[in-house]
Amino acid sequence: MTARSRKRRYLLVSMTAAIMIVVTLAVTTSQSVRVPVVVGAAVTFGFVLLIVAISKGSKAAASKQAAAFAEACVPFGLTYSTFAKLEEKDAAFAPFTHLSHLRTGGKGLAWMARNPAGQPPLVLLQHRYVVSTGQTTVQVTHTLAALPCPVTWPPLALTPEHLGHRIAGMLGKGDLRLENDEFNRRWFVDADDEDFAALLLSPEMQTWLVDVPKWATFHIGRGQIVCAAKKALKPDALADLVALCEEFAGLIVPELQAWIPRA
(Lines of atoms letter the chains of each structure in order from A and count residues from 1; the text may use other names and numbers.)
(Lines give C-alpha, C1' and ligand atoms only; values in the text may rest on other atoms or scores of the structure.)
Protein backbone atom coordinates (compact mmCIF):
# COMPACT_ATOMS: atom_id res chain seq x y z
CA MET A 1 0.00 0.00 0.00
CA THR A 2 1.43 3.39 -0.96
CA ALA A 3 1.70 6.37 1.37
CA ARG A 4 -0.91 8.17 -0.73
CA SER A 5 -3.35 5.26 -0.37
CA ARG A 6 -2.81 5.14 3.38
CA LYS A 7 -3.39 8.88 3.62
CA ARG A 8 -6.64 8.66 1.65
CA ARG A 9 -7.85 5.79 3.81
CA TYR A 10 -6.91 7.66 6.99
CA LEU A 11 -8.79 10.77 5.83
CA LEU A 12 -11.84 8.68 4.92
CA VAL A 13 -11.92 7.04 8.35
CA SER A 14 -11.37 10.37 10.12
CA MET A 15 -14.10 12.18 8.19
CA THR A 16 -16.57 9.33 8.66
CA ALA A 17 -15.82 9.13 12.36
CA ALA A 18 -16.25 12.88 12.74
CA ILE A 19 -19.59 12.84 10.92
CA MET A 20 -20.88 9.94 13.01
CA ILE A 21 -19.79 11.58 16.26
CA VAL A 22 -21.52 14.84 15.30
CA VAL A 23 -24.68 12.99 14.30
CA THR A 24 -24.67 10.96 17.52
CA LEU A 25 -24.18 14.06 19.68
CA ALA A 26 -26.87 15.96 17.80
CA VAL A 27 -29.32 13.12 18.19
CA THR A 28 -28.66 12.37 21.84
CA THR A 29 -28.51 15.99 23.02
CA SER A 30 -31.50 17.33 21.12
CA GLN A 31 -34.00 18.95 23.50
CA SER A 32 -36.81 19.27 20.99
CA VAL A 33 -36.98 15.66 19.83
CA ARG A 34 -36.91 12.56 21.96
CA VAL A 35 -34.99 9.92 20.03
CA PRO A 36 -34.91 6.27 21.06
CA VAL A 37 -31.60 4.98 22.39
CA VAL A 38 -31.63 2.46 19.57
CA VAL A 39 -30.76 5.25 17.10
CA GLY A 40 -27.53 6.05 18.89
CA ALA A 41 -26.72 2.37 19.10
CA ALA A 42 -27.34 1.97 15.38
CA VAL A 43 -24.98 4.84 14.57
CA THR A 44 -22.27 3.33 16.77
CA PHE A 45 -22.77 -0.11 15.24
CA GLY A 46 -22.52 1.37 11.75
CA PHE A 47 -19.26 3.06 12.68
CA VAL A 48 -17.83 -0.22 13.97
CA LEU A 49 -18.86 -1.99 10.76
CA LEU A 50 -17.12 0.70 8.71
CA ILE A 51 -13.87 0.28 10.67
CA VAL A 52 -14.01 -3.49 10.21
CA ALA A 53 -14.64 -3.13 6.47
CA ILE A 54 -11.73 -0.71 6.03
CA SER A 55 -9.45 -2.96 8.07
CA LYS A 56 -10.33 -5.96 5.91
CA GLY A 57 -9.80 -3.86 2.79
CA SER A 58 -6.35 -2.82 3.99
CA LYS A 59 -5.36 -6.41 4.69
CA ALA A 60 -6.62 -7.51 1.29
CA ALA A 61 -4.64 -4.74 -0.43
CA ALA A 62 -1.50 -5.68 1.50
CA SER A 63 -1.92 -9.35 0.56
CA LYS A 64 -2.43 -8.42 -3.09
CA GLN A 65 0.72 -6.28 -3.07
CA ALA A 66 2.76 -9.05 -1.41
CA ALA A 67 1.59 -11.51 -4.06
CA ALA A 68 2.60 -9.06 -6.80
CA PHE A 69 6.10 -8.68 -5.34
CA ALA A 70 6.45 -12.45 -4.94
CA GLU A 71 5.49 -12.95 -8.58
CA ALA A 72 7.92 -10.22 -9.71
CA CYS A 73 10.78 -11.97 -7.90
CA VAL A 74 10.23 -15.34 -9.61
CA PRO A 75 12.01 -14.47 -12.90
CA PHE A 76 15.16 -13.77 -10.88
CA GLY A 77 15.01 -17.16 -9.17
CA LEU A 78 14.23 -15.57 -5.80
CA THR A 79 11.80 -16.50 -3.04
CA TYR A 80 9.83 -13.65 -1.45
CA SER A 81 9.64 -13.68 2.36
CA THR A 82 8.31 -11.57 5.21
CA PHE A 83 9.34 -11.93 8.84
CA ALA A 84 7.01 -11.87 11.84
CA LYS A 85 9.65 -11.92 14.58
CA LEU A 86 12.25 -9.21 15.24
CA GLU A 87 15.06 -11.75 15.65
CA GLU A 88 14.26 -13.15 12.19
CA LYS A 89 14.39 -9.66 10.71
CA ASP A 90 17.70 -8.91 12.43
CA ALA A 91 19.24 -12.15 11.16
CA ALA A 92 18.10 -11.54 7.58
CA PHE A 93 19.23 -7.91 7.67
CA ALA A 94 22.66 -8.64 9.19
CA PRO A 95 24.63 -8.26 5.89
CA PHE A 96 23.20 -4.75 5.48
CA THR A 97 23.71 -3.21 8.93
CA HIS A 98 26.53 -1.02 7.57
CA LEU A 99 23.94 0.97 5.59
CA SER A 100 23.43 3.66 8.20
CA HIS A 101 20.79 5.49 6.15
CA LEU A 102 18.46 2.53 6.76
CA ARG A 103 17.45 3.67 10.22
CA THR A 104 16.00 1.12 12.65
CA GLY A 105 18.09 -1.66 11.08
CA GLY A 106 16.41 -5.04 10.93
CA LYS A 107 13.30 -3.72 12.65
CA GLY A 108 12.42 -1.85 9.46
CA LEU A 109 12.77 -4.85 7.12
CA ALA A 110 9.46 -5.12 5.25
CA TRP A 111 10.34 -8.04 2.98
CA MET A 112 13.30 -9.82 1.41
CA ALA A 113 13.69 -12.00 -1.67
CA ARG A 114 16.61 -14.39 -2.03
CA ASN A 115 17.48 -17.90 -3.15
CA PRO A 116 17.89 -20.25 -0.15
CA ALA A 117 20.67 -22.09 -1.99
CA GLY A 118 22.51 -18.83 -2.72
CA GLN A 119 22.24 -19.13 -6.51
CA PRO A 120 21.65 -16.68 -7.94
CA PRO A 121 23.41 -14.57 -5.29
CA LEU A 122 21.09 -11.61 -5.93
CA VAL A 123 19.10 -10.28 -2.95
CA LEU A 124 16.15 -7.88 -3.07
CA LEU A 125 14.64 -6.19 -0.04
CA GLN A 126 12.47 -3.31 1.08
CA HIS A 127 13.09 -1.33 4.26
CA ARG A 128 10.75 1.15 5.97
CA TYR A 129 10.92 3.50 8.90
CA VAL A 130 8.89 6.45 10.15
CA VAL A 131 10.18 9.98 10.70
CA SER A 132 8.23 12.27 13.01
CA THR A 133 8.39 16.06 12.66
CA GLY A 134 6.32 16.69 15.77
CA GLN A 135 3.12 17.44 13.89
CA THR A 136 3.22 14.83 11.16
CA THR A 137 4.83 11.47 10.49
CA VAL A 138 6.35 10.40 7.19
CA GLN A 139 7.18 6.85 6.15
CA VAL A 140 10.56 6.56 4.42
CA THR A 141 10.98 3.54 2.15
CA HIS A 142 14.09 2.15 0.48
CA THR A 143 14.13 -0.69 -2.06
CA LEU A 144 17.48 -2.45 -2.52
CA ALA A 145 19.19 -4.89 -4.86
CA ALA A 146 22.44 -6.49 -3.71
CA LEU A 147 25.14 -8.63 -5.29
CA PRO A 148 28.23 -10.14 -3.63
CA CYS A 149 31.74 -8.70 -3.93
CA PRO A 150 35.07 -9.45 -2.18
CA VAL A 151 34.82 -8.84 1.56
CA THR A 152 38.22 -7.12 1.40
CA TRP A 153 36.75 -4.19 -0.52
CA PRO A 154 36.61 -1.07 1.69
CA PRO A 155 33.36 0.85 2.27
CA LEU A 156 32.29 3.25 -0.46
CA ALA A 157 29.05 5.15 -1.03
CA LEU A 158 27.85 7.17 -4.01
CA THR A 159 25.06 9.57 -3.09
CA PRO A 160 23.70 12.74 -4.75
CA GLU A 161 25.83 15.85 -4.36
CA HIS A 162 24.03 18.56 -2.37
CA LEU A 163 24.65 22.00 -0.91
CA GLY A 164 26.08 20.66 2.33
CA HIS A 165 28.72 18.73 0.41
CA ARG A 166 29.65 21.83 -1.60
CA ILE A 167 30.04 23.93 1.54
CA ALA A 168 32.21 21.21 3.09
CA GLY A 169 34.32 21.23 -0.08
CA MET A 170 34.93 24.97 0.24
CA LEU A 171 36.11 24.32 3.79
CA GLY A 172 38.60 21.73 2.59
CA LYS A 173 36.49 18.71 3.54
CA GLY A 174 35.28 17.71 0.11
CA ASP A 175 35.08 14.30 -1.49
CA LEU A 176 37.15 12.65 -4.18
CA ARG A 177 37.33 14.72 -7.37
CA LEU A 178 37.68 12.83 -10.65
CA GLU A 179 38.23 13.79 -14.29
CA ASN A 180 34.55 13.84 -15.30
CA ASP A 181 33.05 17.21 -14.26
CA GLU A 182 29.47 16.02 -14.78
CA PHE A 183 30.15 13.10 -12.46
CA ASN A 184 31.67 15.43 -9.85
CA ARG A 185 28.63 17.72 -9.97
CA ARG A 186 26.18 14.87 -9.54
CA TRP A 187 27.85 12.47 -7.12
CA PHE A 188 29.37 12.68 -3.66
CA VAL A 189 31.99 9.97 -3.15
CA ASP A 190 32.33 8.78 0.44
CA ALA A 191 35.28 6.37 0.41
CA ASP A 192 37.45 4.93 3.17
CA ASP A 193 40.21 4.29 0.62
CA GLU A 194 40.57 6.85 -2.17
CA ASP A 195 42.95 4.63 -4.15
CA PHE A 196 40.29 1.93 -4.25
CA ALA A 197 37.63 4.47 -5.21
CA ALA A 198 39.77 5.90 -8.02
CA LEU A 199 40.20 2.43 -9.52
CA LEU A 200 36.54 1.50 -9.16
CA LEU A 201 35.33 4.79 -10.62
CA SER A 202 36.97 4.35 -13.99
CA PRO A 203 36.24 6.86 -16.79
CA GLU A 204 33.71 4.40 -18.23
CA MET A 205 32.03 4.00 -14.84
CA GLN A 206 31.87 7.77 -14.35
CA THR A 207 30.23 8.28 -17.73
CA TRP A 208 27.64 5.59 -16.99
CA LEU A 209 26.85 7.00 -13.54
CA VAL A 210 26.07 10.44 -14.96
CA ASP A 211 22.98 9.06 -16.69
CA VAL A 212 21.52 6.63 -14.15
CA PRO A 213 18.08 7.46 -12.68
CA LYS A 214 18.04 10.20 -10.05
CA TRP A 215 16.61 7.87 -7.41
CA ALA A 216 19.59 5.49 -7.46
CA THR A 217 22.45 5.37 -4.96
CA PHE A 218 25.27 2.84 -4.76
CA HIS A 219 27.05 1.33 -1.76
CA ILE A 220 29.89 -1.13 -1.26
CA GLY A 221 30.82 -2.81 2.01
CA ARG A 222 30.77 -6.08 3.94
CA GLY A 223 31.00 -8.08 0.74
CA GLN A 224 27.93 -6.43 -0.81
CA ILE A 225 27.37 -4.22 -3.84
CA VAL A 226 24.07 -2.43 -3.24
CA CYS A 227 21.93 -0.35 -5.55
CA ALA A 228 19.26 1.48 -3.56
CA ALA A 229 16.15 3.46 -4.43
CA LYS A 230 14.80 5.85 -1.80
CA LYS A 231 11.22 4.99 -2.61
CA ALA A 232 8.78 2.11 -2.65
CA LEU A 233 9.33 0.70 -6.11
CA LYS A 234 6.38 -1.07 -7.67
CA PRO A 235 6.78 -4.78 -8.45
CA ASP A 236 7.23 -4.16 -12.17
CA ALA A 237 10.08 -1.71 -11.44
CA LEU A 238 12.23 -4.30 -9.64
CA ALA A 239 13.73 -5.35 -12.97
CA ASP A 240 15.10 -1.82 -13.47
CA LEU A 241 16.69 -1.89 -10.03
CA VAL A 242 18.29 -5.28 -10.67
CA ALA A 243 19.57 -4.13 -14.06
CA LEU A 244 21.25 -1.08 -12.49
CA CYS A 245 22.94 -3.19 -9.84
CA GLU A 246 24.17 -5.70 -12.43
CA GLU A 247 25.41 -2.99 -14.79
CA PHE A 248 27.28 -1.24 -11.97
CA ALA A 249 28.93 -4.51 -10.94
CA GLY A 250 29.75 -5.32 -14.56
CA LEU A 251 31.61 -2.03 -15.04
CA ILE A 252 34.00 -2.63 -12.14
CA VAL A 253 37.48 -3.29 -13.50
CA PRO A 254 38.64 -6.93 -13.06
CA GLU A 255 41.83 -5.80 -11.31
CA LEU A 256 39.83 -4.98 -8.19
CA GLN A 257 38.96 -8.65 -7.66
CA ALA A 258 42.46 -9.10 -6.29
CA TRP A 259 42.42 -5.89 -4.22
CA ILE A 260 44.55 -6.11 -1.09
CA PRO A 261 43.59 -3.59 1.59
CA ARG A 262 46.21 -1.41 3.22
CA ALA A 263 47.81 -2.80 6.33
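Sequential numbering from 1043 applies to the sequence shown in the working numbering. Glycine is no exception: its CB is placed at the ideal position from the N, C-alpha and C atoms. The structure presented is a predicted model; accordingly, all values stated were derived computationally and were not measured.
**Coil, strand or helix - SER1123 by DSSP** = SER1123 sits in a strand when the DSSP states are folded into three classes.
**Request:** Would you kindly work out how many angstroms separate the C-alpha atoms of THR1183 and ALA1291, rounded to a whole number?
**Result:** Distance between the alpha carbons of THR1183 and ALA1291: 24 Å.
**Asked** Among PRO1162, THR1175, PRO1197 and GLN1177, which residue has its Cα nearest to the Cα of ALA1187?
**Response** Residue PRO1162 is the option with its Cα nearest to ALA1187.
**Segment contact flag, the stretch 1261-1272 with the stretch 1131-1140, C-beta cutoff 8 Å, min 3 pairs** = Enough Cβ pairs lie closer than 8 Å, so yes.
**Prompt:** Helix, strand or coil for CYS1287 per DSSP?
**Reply:** CYS1287: helix per DSSP, three-state reduction.
**Prompt:** Roughly how many whole angstroms lie between the Cα atoms of GLY1160 and ASP1234?
**Reply:** Each residue's alpha carbon lies about 29 Å from the other.
**Asked** Just how far apart, CA to CA, sit VAL1274 and THR1185?
**Response** This sequence places Ala at residue 1274; Val is not what is there. So the alpha carbons of these two residues sit roughly 6 Å apart.
**Request:** Output the boundary residues of the beta strand (DSSP E) element that contains PHE1260.
**Result:** Unbroken beta strand (DSSP E) run through PHE1260: 1258-1263.
**Prompt:** Exposed or buried, what is LEU1128 when buried is set at 16 or more other beta-carbons lying within 10 Å of its beta-carbon?
**Reply:** When all chains shown are included, LEU1128 counts as exposed.
**Prompt:** Helix or strand or just coil, what does DSSP make of ALA1233?
**Reply:** For ALA1233, the secondary structure class from DSSP, reduced to helix, strand or coil, is strand.
**Item:** Proximity of PRO1196 and ILE1262 at Cβ, strictly below 9 Å
**Value:** Closer than 9 Å, so yes.
**Prompt:** Looking at LEU1280 and PHE1111, is the spacing between their C-beta atoms short of 9 Å?
**Reply:** Against a cut-off of 9 Å, the Cβ pair of LEU1280 and PHE1111 comes out as a contact.
**Message:** Between the alpha carbons of LEU1251 and VAL1173, how many angstroms are there, rounded?
**Reply:** When rounded, the distance between both Cα atoms is 30 Å.
**Prompt:** Could you check where the beta strand (DSSP E) with TRP1153 kicks off and where it finishes?
**Reply:** For TRP1153, the enclosing beta strand (DSSP E) covers residues 1151-1156.
**Request:** Would you kindly work out how many angstroms separate the C-alpha atoms of TYR1171 and ASP1278, rounded to a whole number?
**Result:** In a straight line, the C-alpha of TYR1171 is about 23 Å away from that of ASP1278.
**Prompt:** Got a sec, what are the start and stop residues for the alpha helix (DSSP H) GLN1168 sits in?
**Reply:** Note, GLN1168: premise wrong, no alpha helix (DSSP H); beta strand (DSSP E) at 1165-1174.
**Request:** Would you tell me roughly how many angstroms separate the C-alpha atoms of ARG1270 and PRO1117, rounded to the nearest one?
**Result:** With the sequence shown as reference, residue 1270 is identified as Ala, and Arg is not the correct amino acid for it. Note on geometry: alpha-carbon atoms of ALA1270 and PRO1117 lie some 20 Å from one another.
**Message:** Strictly by DSSP, which residues pair up with ALA1109?
**Reply:** Looking at the DSSP assignment, ALA1109 forms no beta bridge with any residue, so it has no partner.
**Request:** Quick one: grab the DSSP three-state call for THR1178.
**Result:** Of the three classes helix, strand and coil, the one that applies to THR1178 here is coil, per DSSP.
**Minimum C-alpha distance to ALA1155 - residue among LYS1149, GLY1147 and HIS1169** = Among LYS1149, GLY1147 and HIS1169, the Cα nearest to that of ALA1155 is on HIS1169.
**Request:** List the endpoints of the continuous alpha helix (DSSP H) containing THR1249.
**Result:** Element bounds for THR1249: 1245-1252.
**Request:** Leaving out five residues on either side along the sequence, give the residues of the same chain with a beta carbon under 8 Å from the beta carbon of LEU1286.
**Result:** Sequence-distant partners of LEU1286 (beyond 5 residues in either direction) whose C-beta falls short of 8 Å from its own C-beta, in its chain, are ALA1187, VAL1254, PRO1255, ALA1258 and CYS1269.
**Prompt:** What's the gap between the Cα of PRO1158 and the Cα of GLY1147?
**Reply:** Pairing PRO1158 with GLY1147, the inter-Cα distance amounts to about 22 Å.
**Message:** Using only CA atoms, which one of GLU1297, VAL1193 and ASN1222 lies nearest to GLN1248?
**Reply:** Considering only GLU1297, VAL1193 and ASN1222, the residue with the shortest C-alpha distance to GLN1248 is ASN1222.
**Asked** Within 10 angstroms of its Cβ, does GLY1119 collect 16 or more other Cβ (buried), or is it exposed?
**Response** Within 10 angstroms of the beta-carbon of GLY1119 lie fewer than 16 other beta-carbons, which makes it exposed.
**Prompt:** Nearest-angstrom Cα distance between VAL1180 and ASP1132?
**Reply:** In this structure, the straight-line span from the alpha carbon of VAL1180 to that of ASP1132 is close to 23 Å.
**Message:** The alpha helix (DSSP H) that contains LEU1298, what's its start and end?
**Reply:** For LEU1298, no alpha helix (DSSP H) run applies, since DSSP gives it neither H nor E.
**Request:** Use the C-beta contact count for VAL1193: other C-beta atoms within 10 angstroms, 16 or more gives buried, fewer gives exposed.
**Result:** Under a 10 Å Cβ-count criterion, VAL1193 is classified as exposed, with fewer than 16 other Cβ atoms of the shown protein chains found around its own Cβ.
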